[in-house]
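Report on the structure given below.
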Amino acid sequence: MADKLRAQQQLESLQARYIGTGSADTTKFEWTSNIARDSLTSYLGHPPMLQYISIGLGQSREKTRIQLLERMIQPVGPPPEPKE
Amino acid sequence: MTHFSNTSLYALTVKQPSATIDAIPGDFLGSGKQQILTANGSRLSLFEVSRRQKGFAELFSQDVFAIIRRIGKFRLAGGTKDFIAITTDSGLLVTYEYMPDEQEFRTIHSETYGKSGVRRVVPGEYLAIDPKGRAMMIASTEKNKLVYILTRRGQMNIGISSPLEAHKPQTLVYAMIGLDVGYDNPTFAVLELDYSACETDPTGDLYNDLQMDLVYYELDLGLNHVVRKWSEHVDRSSNILFRVPGGDGLPSGVLCCGEDNISYRRIFNSRSSVHRLAIPRREGATEDPYRKRIIVAGTLYTLKGGEFFHLLQTDDGDVFKVTFDAPNGIVERIKIRVFDTLPVATSICILKAGFIYIACESGDRILYELDSLGDSGDEPWFDSSQFPSDPAKPFAVPYFRPRPLTNLIPVEFVPSMNPILDMQVANPTMEDAPQIYTVNGTGSRSTFRTTRNALEVLDLIESSLPQNASKVWTTRLAVDDEFDTLIILCLHSRTLILKIGEDVDEATNTGFLTETNTLGIQQFGHDGIVQIHPRGMRGVLGMEFPNDESEAMHGGRFIDWAAPEHRTIVACTANNRQIAVALSSGEINYFECDPDGDFAMADDYIAIESTVTCLAIPEVPEGRIRANVLAVGCSDRSVRVYSTVPDATGVTLQSISVQSLTAPATDLTISYMVDKSSAGYGQYLHIGLQSGVYIRSTLAETTGEIGDTRRRFLGPEPVTFARIIAAGEPAVVAMTSRPWLCYTNPRSKTLQLTPINYIPFKSAWNFEGSQFKGIICVSGNELRIFSVNNVVDNFVYEVIPLKHTPRKLVANHDQGLFYVIQSDSNTMDLDTRKTLIKQAKTTQNGADIIKAPETEDGAEGHNASDESDEFPPVEFGWPKAPGKWASCIQVVDPVTDKAVVHTEHLHHNQSALSAALVAFESLGENTMFLAVGVAQDLQLNPIQFSTASVQLWQLSPNGRTMHLYSETPMTNLPRALLAFKGKLAVGAGRDLMLYDCGTKALLRKAFAPNCVPNHINGLKTQGGRLVVSDQSQSVTYVVHKEQAYPQRLIPFVDDTVARWTTCAEMVDYETVVGGDKFGNLWVVRCPSNVSESSDEPNDGQHLTQDKKYLAGTPNRLNLVAHYFANDIPMAIQKTNLISGGERIIFWAGLQGTLGVLIPFSSRRQHKMFQQLELLLQTADPPISGRSHLAFRSYYTPSKCVIDGDLCERFLVFGRDKRESIAGQLAGGWTSDMIDDAIWLQRALYSF
């Protein structure tokens, strides 16, 4: 029982530290949001990737960076209605 | 049993990336001057700008083998030197001190704070440093912020605290800076957006109500913790912050910039004390008056006496100067005024020496000189009293008229290939080595570049001679003269003597024999000059030119030595005290200088059976009376070395060593060159062969032994030499079909051979005049003097400007032409621009529109005056228009005209996507077409378009003009075109089609629906096989079966990994090398049984019956090699780079990287490099703290590729470290052998 409790605590600390660590209660909305946000961070965090996207869009890198950050706010639309 | 893979590649970077991630000025040397630190790709470089040298010079550069994200500098209180802090993907905060003497970045701290990689919650995306150097804050895009406290420990040590956390979940960070608060507690300002509210709002309404906050974090140094001191709502579009100086009588605070908004804010401000400026908009016929700008870059500059200003750049490139009216530190208003228009920059650095350095997003980096601070002139100032502090309230929009540079003068353009959008290696000029053709840049700053591996020369003098000259010498009159006085030219059986004075005149009465060939000229003894001619030698003593006249004075003192009867001199060599001549009989006579300056012939002579072809004797070493060795090249394919020092029995000219060669030597020279030895210089023997091979060996000074030999083929003609000075160091010019410079690489201190970007010449000599120093050479009847001043950059570029962002480069090898398709999104096209300008002209009578300088090339086929009334696009960019495309096809001739020879604009909002040169079998070989894939009203994200088509442009027989032949509609975007079996293969969406030419449209001959999973973006072919690359799903091999009816295109093998392919090339029939959007290079191979069965000579019935495997093709490719390059490969090609070199894989990266992958051909070498890489990974771990193996395996484990950039680190190590590494290698490798192996990888295959 103690082991189980400890595993539970470890999982909780992991979830607190690393956003996106899943659990049995993760909803589809949370999961897809996290994937999208992780991807967007990766796009704007890798300089060649940011430049590649900026050239495609024909705008400055700063503008693309802001657009990608804006998309991180709500990457997959609003959350679903609660089920109750 | 050890398993060896059957392919292994050596990855080498030929040209480092030139895209700047960040650039900051600072005094990193502690010298009281400023340098610029830049981060390019995974490289940190330090540049120096000096007014004296008029330019920009790289001081130091090192690869940190990690993705650099931010760089910063800090200086501790009382310090005189700036230290460097960088954040990378290593999960470590690393700080360096640059040690100018050791030439290295010494790591001060290496603090682990998180996982490696570029992740959402691992800090490193932002770095802010307290201006007083007391603390630094690093943040991730979401949630995490860490603060480190820096303290001085003792005199030298800098302590760093453990990190203090300032996390806030569900909060995005947009920008972060360290506030200038003087010596109050360090405070950081952060632009944050808390999105937690909309996470639980199903209606989606709260999304629109989210607020951007400007948050102040204070680090309490007493309590050692971070508090969120204060925050306020700011404009939702805010994106960037700039520091406002604080402290004594200065305002402190931030400039918070957003869309159409520059606001001054400070901590605890009230609403009334916020001062806001709107960003002035451009005025002009083609400008949209409602378009709002954002600030993308900028810098703060503090003048002496506390005055300061900001330079802020908009996304158009306009730079504004923002100043403060702040008596006693209380801001009354802020003012803005246009400064100049510069290319859009990632970083702007103002240097105290009066320079501005712009690291451009695209194209050459530019160094400007500040001519004025932009305070004069009659352009209006806009000040904050004109604008409400809330940007939502109405206000009068400020406008300005763009104008050419007034405050800045461009001083230097630092060549930059960034960004490379397509590349081809070709040789239309028929030179020895192929050239690299690239299309670079974006928008109006796009260029077509020809890049060659060569050294840039400075042309000094060019004059013609009465007749062709075969050899040239220069000489001084006496041993202690500072400059050369005479130029001696060997014409056809005649000798011409020129005197260098104020003018160059023919010298008379010199006493030299002019009616004969000259073999050698040497300043001899104290004041003698010796002319060596076929029949003997003549020395003239005490020659003078009184009053700078051309008639020589000498007391008639000649010394002569005549060759024995019936023999002539065939080769000679001399230095100030020694002469050796070889006679036609095979004897070599040796002379020394006697005290009178006369020839003292040695009793001993050398007798050689074969003919002597060349001789060499080094310069007399300082403080000695003679050089110890004499080298003799013989026609029996050998070089022999003799000692000129009498041995114990008193006999001179004893043989010391012999080197046998592959061909007879044509020339020899012995020189001192910079090397790694403790003395700093070493004696080297250079041997040039009849076959065009160049050999350099060390020649031990005491023993005369030959060792450490380097060989390289230079050109198809015999090699001759001249000893010269290049960039202040001794070097050797090797002349063959083209001139080469053999010099010491200033960084690695190893031999480097680079062609000189100059015409071929047959003879050269060092030239030291009072006005300039350089190299004198003769070519036909021309006498030229040039100099080589920069041996660091071994590339020369030729640039041809283009109109829009180039998308694809197509070579017409027969005509030496290139077709470039170009398109710019959100840009006004030519037709609209013309209409708008015409409208403006009629309404305003054209009076107000600025008169722009002529920028259009007259040869471009349309009237230049049509466009001259708009702003010149090279400086100001094209006018923007949302949803519009400007696109064109240009024909570039880089060989003869070196210009764009034809331009076709696309109309009706069409944009070009792909292009291919094709000759249809049905119409005959001679009719060439350029097929161009075109989309109309294209929108990206999500992709939409109204129509898509393939346009067929018929080329004129010389390829220089074209007309539209037909246009065929497509159902999806044709992103890939390829000439295939006399037809045109088209990849449109998921479908692959094969078309033949019809009179009105293309006729479909074969069709493979849903050939790939996503979207075809590239096609390559060999034989009947097509390699189709998908934009997200790697490559699929397709076989064409024409016996079947209808013809079949059958995909038969694809990949297991989703590779976002950008480019691919078939290495052989089974193997494909490619690059992807994440910066990987990979090689995949089709299993041989699958490959064979696909080519079964039938209609492909078996193949179509094969069962699909996991919703793909029936078979899978194998991964052969994988490598992370940290740059997106845009083009890849299998080619040879140097004349006589093997074929290698050459790739070009978006950020300006040029790289090669060299296959290993020897297992022994491969094993050595494998061990060396492994040893270096631990013996010289990357200074970023990133594990090298992890870096090269960023997405997928690196496989069968050895990192040559890491291996080349071996060359810069000190002796002890090299020996210890060499000692650990199995296989009996010495450190010199490793040097040689590393050197050969470059010399034999690349540059």
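Sequence order for the protein chains is A and B. Mapping to UniProt numbering: the first sequence position 44 is 44, numbers consecutive. Mapping to UniProt numbering: the second sequence position 864 is 864, numbers consecutive. Backbone N, C-alpha and C fix where the C-beta goes; we use that ideal spot for every residue, glycine too.
Using the C-alpha atoms, what's the distance from residue j back to residue i?
{"i": "B:S1231", "j": "B:L615", "result": "32 Å"}
{"i": "B:R134", "j": "B:F242", "result": "19 Å"}
{"i": "B:T750", "j": "B:V732", "result": "14 Å"}
{"i": "A:S60", "j": "B:G1155", "result": "26 Å"}
{"i": "B:G501", "j": "B:G354", "result": "39 Å"}
{"i": "B:I889", "j": "B:N1115", "result": "40 Å"}
{"i": "B:K834", "j": "B:N468", "result": "56 Å"}
{"i": "B:A392", "j": "B:D194", "result": "21 Å"}
{"i": "B:G246", "j": "B:H1122", "result": "52 Å"}
{"i": "B:V728", "j": "B:R476", "result": "Looking at the sequence shown, residue 728 of chain B is not Val but Gly. C-alpha separation (whole angstroms): 19 Å."}
{"i": "B:G1152", "j": "B:L802", "result": "18 Å"}
{"i": "B:V799", "j": "B:V895", "result": "12 Å"}
{"i": "B:D180", "j": "B:P419", "result": "36 Å"}
{"i": "B:F761", "j": "B:K1077", "result": "46 Å"}
{"i": "B:I129", "j": "B:L300", "result": "15 Å"}
{"i": "B:L312", "j": "B:A23", "result": "16 Å"}
{"i": "B:T736", "j": "B:S691", "result": "10 Å"}
{"i": "B:A899", "j": "B:A976", "result": "27 Å"}
{"i": "B:L342", "j": "B:V319", "result": "7 Å"}
{"i": "B:V719", "j": "B:H686", "result": "10 Å"}
{"i": "B:S470", "j": "B:V1212", "result": "41 Å"}
{"i": "B:A847", "j": "B:K841", "result": "Because B:A847 carries a pLDDT of 46, less than 50, the predicted location of this residue cannot be relied on, and the following value inherits that uncertainty. Approximately 8 Å between the Cα atoms of the pair."}
{"i": "B:G377", "j": "B:V338", "result": "11 Å"}
{"i": "B:H862", "j": "B:A886", "result": "Any answer about B:H862 is weak, because its pLDDT of 41 lies below 50 and its placement is not dependable; what the coordinates show is given next. Their backbone Cα atoms lie some 16 Å apart in a straight line."}
{"i": "B:P1013", "j": "B:E287", "result": "42 Å"}
Name the chain A residues that come within less than 8 Å of residue i, Cβ to Cβ?
{"i": "B:V118", "result": "T41, S42, G45 and H46"}
{"i": "B:P419", "result": "Q51 and I55"}
{"i": "B:Y174", "result": "I66 and L69"}
{"i": "B:K143", "result": "I19"}
Quick one: which chain B residues come within Cβ less than 7 Å of residue i?
{"i": "A:L14", "result": "Chain B residues near A:L14: none, gap ~12 Å exceeds 7 Å."}
{"i": "residue 89 of chain A", "result": "Residue 89 of chain A cannot be examined here, being either before or after the span of chain A that is shown, 1 to 84."}
For residue i, go through chain A and note every residue whose CB falls closer than 7 Å to its CB, in chain order.
{"i": "B:L1240", "result": "Those do not exist, as B:L1240 stays about 31 Å from chain A at its closest Cβ, beyond 7 Å."}
Quick one: give me the first and last residue of the alpha helix (DSSP H) that residue i is part of.
{"i": "B:G55", "result": "Counting along the chain, B:G55 falls outside any alpha helix (DSSP H), though it belongs to the beta strand (DSSP E) covering G55 to D63."}
{"i": "A:T32", "result": "K28 to G45"}
{"i": "B:C1086", "result": "Counting along the chain, B:C1086 falls outside any alpha helix (DSSP H), and DSSP gives it neither H nor E."}
What in chain A is Cβ-close to residue i, meaning under 9 Å?
{"i": "B:T750", "result": "Residues of chain A passing the Cβ test: none, with the nearest at roughly 30 Å."}
{"i": "B:D824", "result": "G58"}
{"i": "B:K1077", "result": "P48, M49 and Y52"}
Could you pull the start and end residues of the beta strand (DSSP E) that residue i belongs to?
{"i": "B:V949", "result": "Here residue 949 of chain B turns out to be Ser, not Val, going by the sequence shown. Here the beta strand (DSSP E) through B:S949 covers T947 to L955."}
{"i": "B:E925", "result": "Run containing B:E925: none; DSSP gives neither H nor E here."}
What residues from chain B crowd round residue i, counting only those whose CB sits closer than 9 Å?
{"i": "A:K63", "result": "N239, I294, V296 and D315"}
Please name the residues in the stretch 14 to 37 of chain A whose beta-carbon is closer than 7 Å to at least one beta-carbon of chain B, in chain order.
Y18, I19 and R37
To be precise: take each residue of the stretch 198 to 216 of chain B, compare its Cβ to all Cβ atoms of chain A, and keep it if any distance is under 8 Å. Which residues remain?
C198, E199, T200, D201, P202, T203, G204, Y207 and L210
Can you list, in chain order, the residues of the stretch 178 to 199 of chain B whose Cβ is nearer than 9 Å to any Cβ on chain A?
L193, Y195, C198 and E199
Could you list the residues in the stretch 1 to 30 of chain B with a C-beta less than 7 Å from some C-beta on chain A, going in chain order?
A19 and I21
As an exercise, report each continuous beta strand (DSSP E) stretch of at least 3 residues that is fully enclosed by the stretch 1104 to 1169 of chain B, in chain order.
1118 to 1124, 1129 to 1135, 1144 to 1149 and 1154 to 1159
My parser needs the beta strand (DSSP E) runs of 3 or more residues fully inside the stretch 409 to 437 of chain B; what are they?
420 to 426
Mind pulling the beta strand (DSSP E) runs of 3 or more residues that sit fully within the stretch 811 to 839 of chain B?
817 to 827
May I have a chain-ordered list of the beta strand (DSSP E) segments no shorter than 3 residues that lie completely inside the stretch 449 to 489 of chain B?
458 to 464 and 469 to 475
With a floor of 4 residues, list each alpha helix (DSSP H) that falls wholly inside the stretch 373 to 412 of chain B, ordered by position along the chain.
none
Any chance you could list the beta strand (DSSP E) runs of at least 3 consecutive residues sitting entirely within the stretch 572 to 620 of chain B, in chain order?
578 to 583, 587 to 593, 599 to 601 and 612 to 616
Against chain A, which members of the stretch 793 to 810 of chain B pass a CB distance test of less than 7 Å?
T805
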